[in-house]
Amino acid sequence: MKFRRGAALFFLILVTTVVHWPLDRADFSYDDRNLVQTNPAITSIGRALEGFRLPFPPSQPERALYRPLTGLTYAVDAAFSGLQGAAFHRTNVALYALLVVLLHRLALAYRLGAGFAFASALLFAMHPIHTEAVDSVSGRSELLSLLFSVGALLLFLRVDARGWRSPAALGSAALYALACLSKESGSVMLAVLAVHAVALRSPALPNPHARLAALRPLAPHAAVLLGYILLRSLVLGRFSPAAAVLGDADLSTRFWTMGSVFWIDFVQLIAPLRLELDFYYQARIGIVEAPTTDALLGWAILVSVVAAAIGLARSQWRAPADPRPARAAAVCAFALLLFPLFPTSHALPIGALFSERFLFAPSLGFVLLATLAGRALLRRSLPPRGVLVAATLLTGSLALAGAVRSHSRALEWRDAVQLWRGAQLHLTDKRAYTNLAAAYLERGELDLAAAQITRALELDPHDVASLGNRGVLELQSGDLDAATETFEALLKRDPGDALAWFNLGQTAQAAGDPETAASRFQRAVNLAPGDPRFQQALDTARKQLPPLQGPR
Numbered sequence: 179m180k181f182r183r184g185a186a187l188f189f190l191i192l193v194t195t196v197v198h199w200p201l202d203r204a205d206f207s208y209d210d211r212n213l214v215q216t217n218p219a220i221t222s223i224g225r226a227l228e229g230f231r232l233p234f235p236p237s238q239p240e241r242a243l244y245r246p247l248t249g250l251t252y253a254v255d256a257a258f259s260g261l262q263g264a265a266f267h268r269t270n271v272a273l274y275a276l277l278v279v280l281l282h283r284l285a286l287a288y289r290l291g292a293g294f295a296f297a298s299a300l301l302f303a304m305h306p307i308h309t310e311a312v313d314s315v316s317g318r319s320e321l322l323s324l325l326f327s328v329g330a331l332l333l334f335l336r337v338d339a340r341g342w343r344s345p346a347a348l349g350s351a352a353l354y355a356l357a358c359l360s361k362e363s364g365s366v367m368l369a370v371l372a373v374h375a376v377a378l379r380s381p382a383l384p385n386p387h388a389r390l391a392a393l394r395p396l397a398p399h400a401a402v403l404l405g406y407i408l409l410r411s412l413v414l415g416r417f418s419p420a421a422a423v424l425g426d427a428d429l430s431t432r433f434w435t436m437g438s439v440f441w442i443d444f445v446q447l448i449a450p451l452r453l454e455l456d457f458y459y460q461a462r463i464g465i466v467e468a469p470t471t472d473a474l475l476g477w478a479i480l481v482s483v484v485a486a487a488i489g490l491a492r493s494q495w496r497a498p499a500d501p502r503p504a505r506a507a508a509v510c511a512f513a514l515l516l517f518p519l520f521p522t523s524h525a526l527p528i529g530a531l532f533s534e535r536f537l538f539a540p541s542l543g544f545v546l547l548a549t550l551a552g553r554a555l556l557r558r559s560l561p562p563r564g565v566l567v568a569a570t571l572l573t574g575s576l577a578l579a580g581a582v583r584s585h586s587r588a589l590e591w592r593d594a595v596q597l598w599r600g601a602q603l604h605l606t607d608k609r610a611y612t613n614l615a616a617a618y619l620e621r622g623e624l625d626l627a628a629a630q631i632t633r634a635l636e637l638d639p640h641d642v643a644s645l646g647n648r649g650v651l652e653l654q655s656g657d658l659d660a661a662t663e664t665f666e667a668l669l670k671r672d673p674g675d676a677l678a679w680f681n682l683g684q685t686a687q688a689a690g691d692p693e694t695a696a697s698r699f700q701r702a703v704n705l706a707p708g709d710p711r712f713q714q715a716l717d718t719a720r721k722q723l724p725p726l727q728g729p730r
């Protein structure tokens with residue numbers, strides 16, 4: 179038995195690593211640049227520890243993010259490997275493999291049996307919706323939050339008669355705190371734990387008072403949540419982002435838009451055939467002011483799922499003499515789906531309409547529910563040997579299809595050029611062209627960059643990012659006068675553009691004028707004091723200055 183379990187875990191770790199390991203390119207792409215590459219809080223472990231009293235990242239308080247533990251892990255990567263993307267990506271894969279192992283343990287705790295526990299862990303590991311969370315470095319907050327949440331849940335399931343005083347309860351609360359400090363949505367795990375406290379012990383909870391008493395081991399977790407809310411409020415001074423997508427929407431608009439978001443949620447969980455960047459979904463969903471087919475379907479599915487969860491819970495409580503572990507496990511799996519979905523539902527104001535990484539945590543409950551439903555259906559329809567054959571074939575085919583799609587999408591997330599070339603297949607947004615141009619410029623592929631810049635400027639001749647790319651292209655092509663003119667024009671529009679000052683400094687440095695370059699780099703540093711690129715360029719320019727001449 180131990181050998182089989184060890185072999186199962188080895189296989190899960192192996193396939194997870196093979197699908198997501200960065201063998202070729204390992205770029206920083208999309209949000210990685212703001213949250214990691216230019217984040218001053220990760221330049222040293224000391225700076226990262228200061229992040230416990232600062233927003234994440236410190237230069238963008240309007241995001242209203244507080245993720246100090248995630249920043250600390252970035253700083254550890256940077257301390258050992260510098261800002262080398264491959265090291266950051268490898269850490270993400272290792273965290274994901276560990277999460278898959280914990281999910282296997284959780285499925286066993288749900289009494290799914292060795293075979294179906296393995297199936298649930300494998301299907302979770304191969305789900306294509308996870309590629310943004312795993313294969314973009316900025317997705318690490320999702321990994322850490324869910325990893326600590328599942329760890330907290332596993333420990334909580336071992337709480338003994340000592341209740342909240344037991345080591346398992348205190349350890350679970352500590353892991354819950356780490357989940358909160360990794361990503362805000364980790365805080366909803368308290369509700370998930372409450373469902374587990376009641377659902378898995380229903381035979382011993384004959385009345386509401388007994389069920390309430392079952393929640394007492396969660397006292398340390400409640401204290402953690404209160405402390406986290408207080409700390410977050412002190413650091414950020416607000417609860418929601420400054421630019422919430424539906425922050426100013428009326429109730430009707432919020433309701434119908436939420437329905438459309440729910441529809442995309444369930445479509446992507448069941449059949450993630452098209453995976454894209456967040457602003458693709460923003461255009462796909464839009465702000466919905468009246469009933470649409472998607473909105474109606476989204477609400478219909480959500481209401482059905484909630485009704486099924488409530489019905490299962492009621493039947494569990496009404497039959498204390500018939501515990502039915504599968505029914506209790508289903509109630510818990512519903513909680514793992516619905517509660518993590520709540521922070522992204524727009525019932526609370528958030529800063530993005532939809533992103534694939536939002537479904538990373540809810541997919542855990544979805545996979546467990548699918549496994550439970552599949553097991554029940556097969557057992558009712560087939561003899562035991564037929565169940566084994568059918569489950570093996572079904573799991574294998576789904577896992578193989580998921581692995582192929584996940585691997586393909588993982589390559590795109592780790593290669594900025596592939597990511598943005600793929601985005602252009604479904605988008606006419608200028609950002610797809612602007613970001614692809616920037617990726618080509620980083621590789622020195624100037625002709626390809628020029629074509630993308632031209633296309634972006636055709637869409638918007640005044641776009642700041644596209645004009646900045648044109649200036650960088652002129653700089654790299656050696657046309658320093660044109661580059662200077664471009665960056666000076668940008669600074670006329672916005673004297674506080676730190677990137678334009680930085681690029682103008684690079685132009686002066688390329689012209690052999692380190693004094694002017696240092697002056698411009700200093701302006702960039704003053705405007706964005708934490709950006710490591712600006713400080714490094716300033717230090718380099720100062721080293722090139724001639725020594726001061728004293729009086730003879």
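Here the working numbering = 1-based position in the sequence shown + 178. We treat Cβ as the ideally placed atom computed from N, Cα and C, and that holds for glycine. Every value quoted in this text rests on a predicted model; they were computed, and no experiment measured them.
- The Cβ atoms of VAL279 and ALA581 lie no closer than 8 Å to each other.
- Taking a C-beta distance under 8 Å as the contact criterion, THR549 and LEU322 do not qualify as a contact pair.
- Pairwise C-beta distances place the stretch 292–300 in contact with the stretch 544–560, as three or more of them are shorter than 8 Å.
- The beta carbons of PHE512 and LEU480 sit no closer together than 8 Å.
- Selection TYR354, ARG432, ALA702 evaluated against LEU332 yields TYR354 as nearest (Cα-Cα).
- Just so you know, the alpha carbons of LEU605 and ALA372 end up roughly 43 Å apart.
- For GLY263 against VAL315, the beta-carbon gap comes to about 7 Å, under 8 Å, which counts as contact.
- Check the Cα spacing between LEU187 and each of ASP209, ALA292, PRO246, PRO239: the tightest is with ALA292.
- Non-local C-beta neighbours of ALA375 in its own chain, meaning closer than 6 Å and more than five positions away in sequence, comprise ALA392, LEU393, ordered along the chain.
- Comparing C-alpha distances from ALA401 to each of SER559, ALA347, TYR252 shows the shortest one belongs to ALA347.
- The beta carbon of LEU637 sits closer than 8 Å to the beta carbons of THR606, LYS608, TYR611 from its chain, once the five residues preceding and following it are set aside; these are given in chain order.
- Proximity of the stretch 668–680 to the stretch 705–712 meets the contact definition, three or more beta-carbon pairs being nearer than 8 Å.
- For MET436, the enclosing alpha helix (DSSP H) stretches over residues 429–448.
- If you ignore the 5 residues before and after VAL509, its C-beta comes within less than 7 Å of the C-beta of VAL373, ALA377, ALA487, LEU490, ALA491, GLN494, all in its own chain and listed in chain order.
- The beta carbon of ASP472 lies closer than 6 Å to those of SER438, TRP441 in the same chain, with the five residues before and after it left out.
- In this structure, the beta-carbon distance from VAL642 to LEU619 does not fall below 8 Å.
- By the Cβ test, the stretch 227–243 is in contact with the stretch 409–421, since at least three Cβ pairs between them sit closer than 8 Å.
- When Cβ pairs closer than 8 Å are counted between the two stretches, the stretch 280–289 is seen not to touch the stretch 552–559, the count staying below three.
- Annotation for ARG553: PHE294 place their beta carbon closer than 6 Å to its own, counting only its chain and skipping 5 residues before and after.
- Judged by DSSP in its simplified three-state form, ILE191 adopts helix.
- When secondary structure is reduced to three states using DSSP, ARG505 falls in the helix class.
- Separation of THR309 and VAL196 (C-alpha to C-alpha, rounded to the nearest whole angstrom) is 13 Å.
- If you compare the alpha carbons of LEU404, GLY476, ARG340 with that of LEU368, the shortest gap goes to LEU404.
- Within the model, the alpha-carbon separation for ALA420 versus GLY529 is close to 8 Å.
- Given a length threshold of 4 residues, each whole run of the alpha helix (DSSP H) inside the stretch 212–250 is given here in chain order: 223–228.
- With distances taken between CA atoms, THR248 lies nearest to GLY229 out of PHE258, ALA265, GLY229, ALA257.
- Per the C-alpha coordinates, the member of ALA579, LEU555, LEU451 positioned closest to ALA568 is LEU555.
- Only residues of its own chain outside the window of five on either side were considered, and among them ALA330, LEU333, PHE334 have a CB closer than 6 Å to the CB of SER350, listed in chain order.
- For GLN654, the enclosing alpha helix (DSSP H) has its first and last residue at 642–655.
- Inside the stretch 248–302, DSSP marks no whole beta strand (DSSP E) run of 3 or more residues.
- Only residues of its own chain outside the window of five on either side were considered, and among them ALA676, TRP679, PHE680, GLY683, PHE712 have a CB closer than 7 Å to the CB of ALA702, listed in chain order.
- Taken in chain order, the complete alpha helix (DSSP H) segments of 4 residues or longer contained in the stretch 652–730 are 658–671, 676–688, 692–705, 710–721.
- For ALA422, the three-state secondary structure derived from DSSP is coil.
- Per DSSP, TRP199 lies in no alpha helix (DSSP H) and is assigned neither H nor E.
- ARG432 is the residue among ALA272, ARG432, LEU286 whose C-alpha sits nearest the C-alpha of VAL466.
- Within the model, the alpha-carbon separation for ILE407 versus CYS358 is close to 10 Å.
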